[in-house]
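In UniProt numbering, the protein residues as written are 1 to 330. Built from N, CA and C at the ideal position, the CB exists for glycine as well. Owing to the predicted nature of the structure, the values given are computational and were not obtained by experimental measurement. Structure record follows, encoded as structure tokens.
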């Protein structure tokens, strides 16, 4: 691992000043977060010192590969200690902190992304190209919502899922794969695994009601009702509203939650949006899993990676803006 700091005086290698560090990201976050603890005492000549300003640029490398570039967002240090906490975000922060107004008439999701990123100076690594024309008006919307919405509308047509993330300094949008990037198993790279189930927030019984409050249809999971008790919701039937689809979605989105995470030997290749093949005999978890969160930790000379896994491919969805009607040339 190597960490460099760029301030007004130049670029400095501060690797030896770092006590511990984490680099993390997840499906719902616009940007990856780098947090580390460093020695900081400008008044002690026996300690190394490099000025780390808010707004300074940090670059992180693992075995020569550039895995993070971002700006320091905040720092803090108590008066009775020589250790300072520093937090930085990658350039995904600027997708969140900048708003824009656009009208798109048939552009694809990758073309839309290129347009907004070029305007705000966000570098692009690579973009999935769904090929679906988007007609949408966005008024003063954060950039990430514009991008999310474009890819969500594309996903509805292609049936594929897309993930937005940063590689080093550049934006990458990938299509989620069903084939694994890396094998994870005991004796190879797996250090520990955790598996859980939760019925918290479950919905297993949905009534569709009319304007008088009378039940006109019922969508339910009888096995779940028997096992976990009735968890009832109501959906009102209205004009131009697909109440049946909403009820079915309530059941699907709020079923029994299965959770799984693994901690492996440090592997900078793995990040949110990737796919792994897990072989874990103790918990009985075998098969393809999708990475929805990753945390890389360097501490006391060790490096490990924790992955939050999903049993199905998911994406962060967007519903910003308003649909543009296709113009009639006739």
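DSSP state of residue i, grouped into three classes?
i: residue 197; result: strand
i: residue 134; result: strand
i: residue 330; result: Below a pLDDT of 50, predicted positions are generally treated as unreliable, and residue 330, at 49, falls in that range; the measurement from the model is reported next regardless. In the structure shown, residue 330 sits in coil (DSSP, three-state: anything other than H, G, I, E or B).
i: residue 32; result: coil
i: residue 17; result: helix
i: residue 311; result: coil
i: residue 160; result: coil
i: residue 264; result: strand
If you drop the 5 nearest sequence neighbours on each side, which residues of the same chain put their C-beta closer than 6 Å to that of residue i?
i: residue 283; result: 193, 195
i: residue 67; result: 60, 268
i: residue 54; result: 72
Can you tell me the Cα-Cα spacing of residue i and residue j, whole angstroms?
i: residue 222; j: residue 204; result: 8 Å
i: residue 234; j: residue 208; result: 6 Å
i: residue 106; j: residue 302; result: 50 Å
i: residue 84; j: residue 2; result: 18 Å
i: residue 14; j: residue 281; result: 41 Å
i: residue 33; j: residue 132; result: 32 Å
i: residue 112; j: residue 166; result: 17 Å
i: residue 293; j: residue 40; result: 31 Å
i: residue 305; j: residue 254; result: 29 Å
If the criterion is Cβ atoms closer than 8 Å, does the pair residue i and residue j meet it?
i: residue 22; j: residue 297; result: yes
i: residue 157; j: residue 99; result: no
i: residue 273; j: residue 163; result: yes
i: residue 173; j: residue 95; result: no
i: residue 134; j: residue 108; result: yes
i: residue 291; j: residue 271; result: yes
Looking only at its own chain, which residues have a Cβ that is under 7 Å from the Cβ of residue i, when we skip the five neighbours before and after it?
i: residue 170; result: 123, 124, 125
i: residue 330; result: Bear in mind that a pLDDT of 49 at residue 330, under 50, signals an unreliable position, so the number given afterwards is only what the model happens to contain. There are no such residues.
Near residue i, what residues of its chain come up, given a Cβ to Cβ distance below 8 Å and the 5 sequence neighbours on each side ignored?
i: residue 9; result: 51
Between the options, which lies nearest to residue i when the distance is taken from Cα to Cα?
i: residue 128; options: 154, 115, 138; result: 154
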